[in-house]
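I have placed the structure first, in the form of structure tokens, so that the comments after it can refer back to it.
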Amino acid sequence: MMPGAGVYVPLQVAHDWSRKHRGPMSRVALALARQGGNLSEGQTEGYDSAVVRVSDPVALTDVRTKITDLGFGSFSIVDELDQIRTVFLIFDSVLGLLGGISLLVASFGIANTMIMSILERTREIGIMKAIGAEDREIKLIFFVEAAVIGVFGGILGVLVAWGIDGIANRLAYRFILKPQGASFIDFFSLPPYLSLGAILFALIVSITAALYPASRAARIDPVRALRHD
Numbered sequence: 401m402m403p404g405a406g407v408y409v410p411l412q413v414a415h416d417w418s419r420k421h422r423g424p425m426s427r428v429a430l431a432l433a434r435q436g437g438n439l440s441e442g443q444t445e446g447y448d449s450a451v452v453r454v455s456d457p458v459a460l461t462d463v464r465t466k467i468t469d470l471g472f473g474s475f476s477i478v479d480e481l482d483q484i485r486t487v488f489l490i491f492d493s494v495l496g497l498l499g500g501i502s503l504l505v506a507s508f509g510i511a512n513t514m515i516m517s518i519l520e521r522t523r524e525i526g527i528m529k530a531i532g533a534e535d536r537e538i539k540l541i542f543f544v545e546a547a548v549i550g551v552f553g554g555i556l557g558v559l560v561a562w563g564i565d566g567i568a569n570r571l572a573y574r575f576i577l578k579p580q581g582a583s584f585i586d587f588f589s590l591p592p593y594l595s596l597g598a599i600l601f602a603l604i605v606s607i608t609a610a611l612y613p614a615s616r617a618a619r620i621d622p623v624r625a626l627r628h629d
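See below:
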């Protein structure tokens, strides 16, 4: 939160200042170096670290290998990016697991709803088959019903997602950007193709969940269905 400032001093002055104003970690590192015999009392201490810049990012791996072979440790932005990828991979895996469980529960819910609909309309199905309805037509009825459930469920989910997205953006702006005087930006965004994909995915899941109920409805014996109360 404080503005940066650069001070240029002679190299020897900087060395003297760093020796007189050692931090706790610097004192510990110096004591360990002398204890291990890596640095004698009269020997020049050198530098705690060095920044190595490469002209070509492709050469970064080879440069780091050579630095490691010299006995030094190294850290680059690639390591940080790998750590960030690992964190997001774990986060995505957890969300994917929760989403898979929710998807499985929703599929069973749709299938159960369709089976209950079959039990309630057994006599109606028997009448349709008695007057000439074919098995594929009975299946088509339940597939259409499942598709309607999937489309409406997908649209409802997209609307809820848009609402949560808008609230999250407003809260992020209020607590992060507004105190800094920055203009409003979208932290979270739902592109149109993602919304359409969600609706299409809900439609596919609903139709898949209706495969067994539709097949069961098509196999109903019309004679027994007409006797059903």
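So the sequence shown is residues 401 to 629, counted in the working numbering.
Just so you know, even glycine gets a beta-carbon here, dropped at the ideal spot from N, CA and C.
Given the structure is predicted, the values throughout are model-derived calculations rather than measurements.
Mapping the DSSP letters down to three states, classify V409 as helix, strand or coil. coil
For my contact list, I510 and A610 are in at a C-beta cut-off of 8 Å; report their separation, rounded to the angstrom. 7 Å
Which term fits G473, buried or exposed, when burial requires 16 or more other beta carbons within 10 angstroms of its beta carbon? exposed
Would you call the stretch 552-568 in contact with the stretch 468-484, where contact means no fewer than 3 C-beta pairs closer than 8 Å? no
If I measure Cβ to Cβ from R536 and keep anything under 8 Å in the same chain, skipping five residues before and after, which residues do I get? A618
What's the call for F542, buried or exposed, on a 16-neighbour Cβ count within 10 Å? buried
Closest Cα partner of F552 within the set T465, V407, L540 and I604: I604
Once DSSP output is grouped into helix, strand and coil, what is the label at L495? helix
Residues of its chain near I527, where Cβ-Cβ distance is below 6 Å and the 5 sequence neighbours each way are ignored: none
Rounded C-alpha distance that separates T522 from D492: 44 Å
So for S449, helix, strand or coil by DSSP? coil
Please name the residue in L590, A547, P591 and W562 whose C-alpha comes closest to that of T608. A547
Excluding the five sequence neighbours on either side, which residues of its own chain have a C-beta within less than 6 Å of the C-beta of S595, listed in chain order? V558
Can you tell me the Cβ-Cβ gap for G550 and A602, rounded? I've got them flagged as a contact below 8 Å. 5 Å
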